[in-house]
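S.K.: One structure, pasted below without further comment.
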Amino acid sequence: MKIDLKRHVSYRYNYRNVSHALDFIIMTEGYRALFLGVELNLMKSTSFTCCQICVYEHFKEYLKSEYHFKEQSLTHVIASAVAGLLATFICQPIEVVKVRYMTNSDKYLNVWEVFREQKQSANR
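For the sequence shown, my numbering assigns the number 112 to the last residue and increments by one with no breaks.
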């Protein structure tokens, strides 16, 4: 519903509330439209979580072995912050593709077309 406000006035849906939006989407686009981008969301979530857990564990052990940190709150906070930043940085391309796919779904047949377009624009 937030994206609707960014559209030109003639292209807005003007949903009254969430249930009105759900009804309208199901009636005009079908149930499948409710799950648009779920593949990318799962891809990003699993990648982010795996990356964050691995970096957290390794960085925590690095702090303990190299800088003699003890098992305390500060160690966890620093390791968590580094893990979150690195996971966000690594997973950002997936987020960009997800947003492009979800906001321009009529332009693409599937998710992989967005990846191809991104790859082509990066090679220019």
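Beta carbons: idealized from backbone N, C-alpha and C, even for Gly.
Remember, it's a predicted structure, so these values are computed and weren't measured experimentally.
Quick check on DSSP: helix, strand or coil for Lys95?
M.R.: Residue 95 sits at position 107 when you count from the first residue of the sequence shown. Of the three classes helix, strand and coil, the one that applies to Lys95 here is coil, per DSSP.
S.K.: Can you give the Cα-Cα distance for Leu73 and Gln80, rounded to whole angstroms?
M.R.: Locating residue 73 in the sequence shown gives position 85, counting from the first residue. Locating residue 80 in the sequence shown gives position 92, counting from the first residue. If you take the alpha carbons of Leu73 and Gln80, they lie about 11 Å apart.
S.K.: I need the boundaries of the alpha helix (DSSP H) containing Glu54, first residue and last residue.
M.R.: If you number the sequence shown from 1, residue 54 lands on position 66. First-last of the alpha helix (DSSP H) with Glu54: Val26 to Glu54.
S.K.: Would you mind sorting Val85 into buried or exposed? The rule is 16 or more other CB atoms within 10 Å of its CB.
M.R.: Counting from 1 along the sequence shown, the entry for residue 85 is found at position 97. Buried: at least 16 other Cβ atoms inside 10 Å.
S.K.: In angstroms, rounded to a whole number, what distance separates the CA positions of His8 and Gln106?
M.R.: Along the sequence shown, read from residue 1 onward, the residue named residue 8 stands at position 20. Along the sequence shown, read from residue 1 onward, the residue named residue 106 stands at position 118. So the two alpha carbons sit approximately 34 Å from each other.
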